[in-house]
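Residues -30 to -1, 1 to 125 in mature numbering (1 follows the signal peptide of the UniProt record, and there is no 0) are what the sequence shown spells out, letter by letter.
Just so you know, even glycine gets a beta-carbon here, dropped at the ideal spot from N, CA and C.
Here the structure is a predicted model, which means the values were calculated and not measured.
Contents: one structure, followed by commentary.
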Amino acid sequence: MKLEISKQATLKLTAQLSVILLTISTTACAQGDITMDDRTALPCGNKPNCVSTEDSRADHHLAPFILQPGTTLKQVEAIALTLPGAKLAVSNDGYLRVECTSKWLKFVDDLEIRLDGQQMQVRSESRVGYSDFGVNRKRTEQLRQGLSQAGLLML
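Printed below as a string of structure tokens:
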């Protein structure tokens, strides 16, 4: 009898985990290719899943990105598209949005960039979930490193 209860508990747990994983995978798959407004000038919300050059709160703040004179959006785009999981969503009028998809669960984050002269506004935010465990900050620092290595950032 004890063995049957254990089997039932195992089957119930397996079914529950299957439902959770199915929900996560369908949510993650449904995140791509959405239309959204330019949010580069907006501060992040209260969840720890966003960083921005325009947010003054320490947990969300990114140091400014100051570009070398003459740096173009196409040059910035080329560097941004080297980031892991990066795919171009929008590029027009000094604005760039790159969708960055995580390798395993296929979560999509939005990396937004706006050029204003030599100043580059940067915002990276997860579409779903509460915390990003530092992924967006890491991504923006990888962008900074790539721009710096290409000689596009002022030091």
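What three-state label does DSSP hand residue i in the structure shown?
| i | result |
| --- | --- |
| S96 | strand |
| A59 | strand |
| Q38 | coil |
| Q112 | helix |
| S72 | coil |
| L51 | coil |
| L85 | strand |
| S101 | coil |
| M6 | coil |
| S26 | coil |
To the nearest angstrom, report how far apart residue i and residue j are at their CA atoms.
| i | j | result |
| --- | --- | --- |
| K73 | A56 | 11 angstroms |
| P54 | K(-24) | 42 angstroms |
| A59 | D86 | 20 angstroms |
| D7 | L113 | 22 angstroms |
| A28 | Q119 | 26 angstroms |
| E24 | E95 | 13 angstroms |
| K(-19) | L117 | 51 angstroms |
| S26 | P13 | 8 angstroms |
| P39 | G64 | 15 angstroms |
| R97 | G15 | 12 angstroms |
| L75 | H30 | 24 angstroms |
Rounded to the nearest angstrom, how far is the Cβ of residue i from that of residue j, given a contact under 8 angstroms?
| i | j | result |
| --- | --- | --- |
| L32 | V21 | 5 angstroms |
| V92 | T71 | With 8 angstroms as the limit, V92 and T71 do not qualify as a contact, their Cβ atoms being about 19 angstroms apart. |
| P34 | Q115 | Contact flag wrong, Cβ pair sits at about 15 angstroms. |
| G104 | F77 | Contact flag wrong, Cβ pair sits at about 14 angstroms. |
| T41 | L122 | 5 angstroms |
| L66 | A50 | 7 angstroms |
For residue i versus residue j, is the C-beta spacing smaller than 9 angstroms?
| i | j | result |
| --- | --- | --- |
| E69 | R9 | no |
| D80 | P18 | no |
| S61 | L43 | yes |
| R107 | A11 | no |
Is the beta carbon of residue i within less than 8 angstroms of some heavy atom of the ligand HEM?
| i | result |
| --- | --- |
| I83 | Ligands in the displayed structure: none, and consequently the ligand HEM is not present. |
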